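If you read the sequence shown in the numbering used here, its first letter stands for residue 1346, the second for the next number, and so on.
Think of the CB as a built atom: it goes at the ideal place given N, C-alpha and C, for glycine as much as any other residue.
Computed from a predicted structure; not experimentally measured.
In what follows, a single structure is set out as structure tokens and then discussed.
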Amino acid sequence: MHSTAASPPPPPTPPQTLDQITHLLSHLLTHSHSIKSFPSRWQTIRSKLAYLTSSISSISDSPHWSENPLLQTLLPNLLQTLHRVQSLSTQCSDPDFPVGKLLMQSDLDMAANWLSKQSQDIDLLLRSGVLRQSNAIVLSQPPPGSDKEDLGFFIRDLFTRLQIGGVEFKKKAMESLLHLLENEEKAATVVSKEGNVSYLIHLLDLNAHPSIREQAITAVSILASASEQSRKCVFEEGGLGPLLRIIESGSMGLKEKAAMAVEAITTDVDNAWAIMAYGGVSVLIDACRSGSLTLQEHSVGALRNVAVVEDVRNALTEEGAVPVVVPILVSGTVKAREKTANLMAILAASGEFFRALIIQERGLQGLLLLLHESTCLDTLEHVLRAIYSLSATDSTSRTLSVSTSFIIQIAELIKPGNVLLQQICASILANLSISDGNKRAIAGCMPALVKLMESPKPDGLQEVAAKALVMLLTVKSNRKELVRDEKSVMRLAQMLDPKYELVSKKFPLAVVAAIMAGGSTGCRKRLVAAGAYAHVQRLAEAEDMEGITEKETDPGPPRQKVKGGFPLDFSNR
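See below:
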């Protein structure tokens, strides 16, 4: 407001303020109708005064309005504005008042804007419902385990203070909000429903007060990580773009919190596409290249999340992600190495181009080192999936096939343990060209492979277990060792039983054929003793071999038939 307006009187004490505002509003509404100058502007001001009259009436009807500390600032400020409006009304009513037309128009526009802002603040306070509850209850932190209604009331009060209070009010509100989010499990979900998350994201802007902005970033990071509902709310209210900008140009501490939030947001596949819309791929790659270990961990985690989208995978290669992230397999934190291995597994399974790029950047060496050093099952799973995909490349297959230490480690993981790891390891073994010496070195995993053949889940496990076993049984000493294991022989015989339906017969038939391929009388006798011959004979007689056998080319006794290309000869010749 310009100096042409008279200086307003000092604000009255709080108990008097509401009455004075009510009186002044009534006077201004009546007087404004008689003002002839600038009628359109006074019509705008009059509508705002009328709206404020209704709001002030609602305040006076609230039983605890006088206890609310926000009103102790809002009401005096409103009274001061109304005194300025009164001064302007006096000037506009005096035709001899020496004020320039443009200057008065500016003063009236400013007065209307002030009234709008104060009206919005009062409305926000009224909508929160905090004026209808005692101040002592409003200010108290809800104890752990409070119901959602109490939490909701407290959160509405916090966000009211956050939006219309001064800097100190905002700081205290943010401190209370952070304390609640960090100590109350369901607080994030209630905040996403009862709080104004959009305003919280607005505080991420560089123009916000530095300490409040830092608190807001922490709060948004917690919300993004706490629950599906709060994470969805942060994304839908436009949080991803500001968070990426913070990763790009904020201080290291703020970058780390923002990256944590981005990683959480991108766990929802539907949000992954938005990373490209905000130019986030290059931002995250740069963070992996030059950030702290914590920033690197969350950034590579976000890249892992979005790599499931084909367009994003293409962008990763275009932006040069692979040379940046491969070294993290060796130098990152434990969690960063795991997430990088997961990213490598996703990329390696996506096609020959990605596999060649990973191999070119020595990704295989990093994966093998991590396989040797890690004891975390999740990390091992990601590493093994990546290695399995890379083994489709001839150069990698040759490298792995001659690595005795790798083959022995894979065989050890096949022994009783995590079924997913067993399946991946069996798949790797089945695809390698292993020397007879290495086959003998890992003969100890054969009983585990036989046992895996009994497992109907996960899909494909029986097949890869049978393939790996048949490959190992090309060595005579392995055949003899397997049939000496009574449990394995009994399992194979049981799987051949026509009544046993959990296993397709082609798998145990292939293994039995591999055992008998060398013509060992001892092996044959053990299989016969376990009942394998009887089951095979019944299968043949019942013609239960459809889909897994070839047409007989040499009619004769069932014991001499050729099934599926495997000589099932149990005779003692």
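- DSSP places SER1734 within a helical segment (H, G or I) once states are collapsed to three.
- Counting along the chain, TYR1544 sits inside the alpha helix (DSSP H) bounded by residues 1542–1547.
- If you compare the alpha carbons of LEU1806, THR1563, GLY1646 with that of LEU1794, the shortest gap goes to LEU1806.
- Under the 10 Å beta carbon count, ASP1439 is surrounded by fewer than 16 other beta carbons and is classified as exposed.
- Spatial neighbours of ALA1569 in its own chain (CB-CB distance under 6 Å, excluding positions within 5 residues in sequence) are listed in chain order as ARG1576, VAL1579, ALA1606, ALA1609, ILE1610.
- In this structure, DSSP gives GLN1882 a helical state, which the three-state scheme calls helix.
- Distance from the Cα of LEU1884 is smallest, within the candidate group LEU1854, GLN1508, ARG1869, SER1736, for LEU1854.
- Under the 10 Å beta carbon count, TRP1410 is surrounded by 16 or more other beta carbons and is classified as buried.
- Nearest Cα to VAL1809 within the set LYS1832, SER1822, VAL1834, LEU1765: LEU1765.
- According to the DSSP assignment, MET1835 belongs to the alpha helix (DSSP H) that extends over 1831–1841.
- Straight across, the Cα-Cα distance linking ASP1454 with ARG1386 is about 7 Å.
- Within the same chain, Cβ atoms closer than 7 Å to the Cβ of SER1405 are found at LEU1363, the five residues on either side in sequence being excluded.
- Straight through space, the alpha carbons of PHE1498 and LEU1369 are spaced by roughly 33 Å.
- GLN1388 counts as exposed, since fewer than 16 other C-beta atoms from the protein chains shown sit within 10 angstroms of its C-beta.
- Collapsing the DSSP output to three states places HIS1378 in coil.
- Three or more Cβ pairs closer than 8 Å define a contact, and the segment 1453–1471 falls short of that threshold against the segment 1542–1556.
- The C-beta distance from ILE1755 to ILE1779 rounds to 10 Å, too long to meet the 8 Å contact threshold.
- Taken in chain order, the segment 1563–1603 contains no complete beta strand (DSSP E) segment of 3 residues or longer.
- With a cutoff of 8 Å on beta-carbon distance, LEU1715 and THR1662 are scored as not near each other.
- Along the segment 1760–1831, the alpha helix (DSSP H) occurs as fully enclosed runs of 4 or more residues at 1764–1776, 1781–1786, 1791–1797, 1806–1817, 1821–1828, listed in sequence order.
- If you look at SER1432, you'll find it in the alpha helix (DSSP H) that goes 1416–1438.
- Residue environment: PRO1792 is assigned as buried (16 or more neighbouring CB atoms within 10 Å of its CB, all protein chains considered).
- Taking ALA1811 as the centre and dropping the five residues before and after it, the same chain places the C-beta of MET1798, PHE1852, ALA1855, VAL1856 closer than 7 Å to its C-beta, in chain order.
- Each of LEU1526, VAL1881, ASP1468 was checked against the Cα of LEU1496, and the nearest Cα belongs to LEU1526.
- The C-beta of GLN1417 has fewer than 16 other C-beta atoms within 10 Å across all chains shown, which makes the residue exposed.
- Of the residues VAL1430, ALA1771, PRO1421, ARG1743, the one whose Cα lies closest to the Cα of HIS1372 is VAL1430.
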